[in-house]
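Trainee:
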Amino acid sequence: MPVNLMRNAIAAINGGEVNSKPLVQVVDIKLIGNSQESYRFLLSDSESTQHAMIATELNEQVRTGQVKKGSIIQLIDYICSTV
5 MPVNLMRNAI AAINGGEVNS KPLVQVVDIK LIGNSQESYR FLLSDSESTQ
55 HAMIATELNE QVRTGQVKKG SIIQLIDYIC STV
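Following the numbering used here, the numbering of the sequence shown begins with 5 at its first residue and continues without gaps.
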């Protein structure tokens, strides 16, 4: 079934948009951290990519394979921080 990613969602989020619930694709997943398990995603909206950290409460979805490279996910609750 074809899925339409929300084009320019990453730019909108970086610009302060907090009310959209965009569909994005997981391009890559990396396990980071030594003491506490954390995952960093590389997300794509078909126009741009952005690194993102997921809440540790969602780690189980990565461990069980519910979310993996290539998965389409919907961002429901997110915060954008410039580092």
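Note that beta-carbon positions come from the ideal geometry of N, C-alpha and C, so glycine has one too.
These figures come from a predicted structure and were not determined experimentally.
(1) Alpha carbon to alpha carbon, how far is P6 from V30? Give it in angstroms, no decimals.
(2) Going straight from the alpha carbon of G74 to that of T53, what length do you get?
(3) Which first and last residues belong to the alpha helix (DSSP H) in which A56 is found?
(4) Tell me where the alpha helix (DSSP H) around R44 begins and ends.
(5) List the DSSP bridge partners of I77.
Mentor: Result, derived from the coordinates:
(1) Stepping through the sequence shown from its first residue, residue 30 is reached at position 26. Stepping through the sequence shown from its first residue, residue 6 is reached at position 2. Each residue's Cα considered, the two are about 16 Å apart.
(2) The sequence position of residue 74 within the sequence shown is 70, counting from 1. The sequence position of residue 53 within the sequence shown is 49, counting from 1. If I take the Cα positions, the gap works out to 13 Å.
(3) Position 52 of the sequence shown holds residue 56. That residue, A56, is in no alpha helix (DSSP H); its beta strand (DSSP E) goes T53 to M57.
(4) Locating residue 44 in the sequence shown gives position 40, counting from the first residue. Per DSSP, R44 belongs to no alpha helix (DSSP H); it is in the beta strand (DSSP E), S42 to S48.
(5) If you number the sequence shown from 1, residue 77 lands on position 73. Bridge partners of I77: V28.
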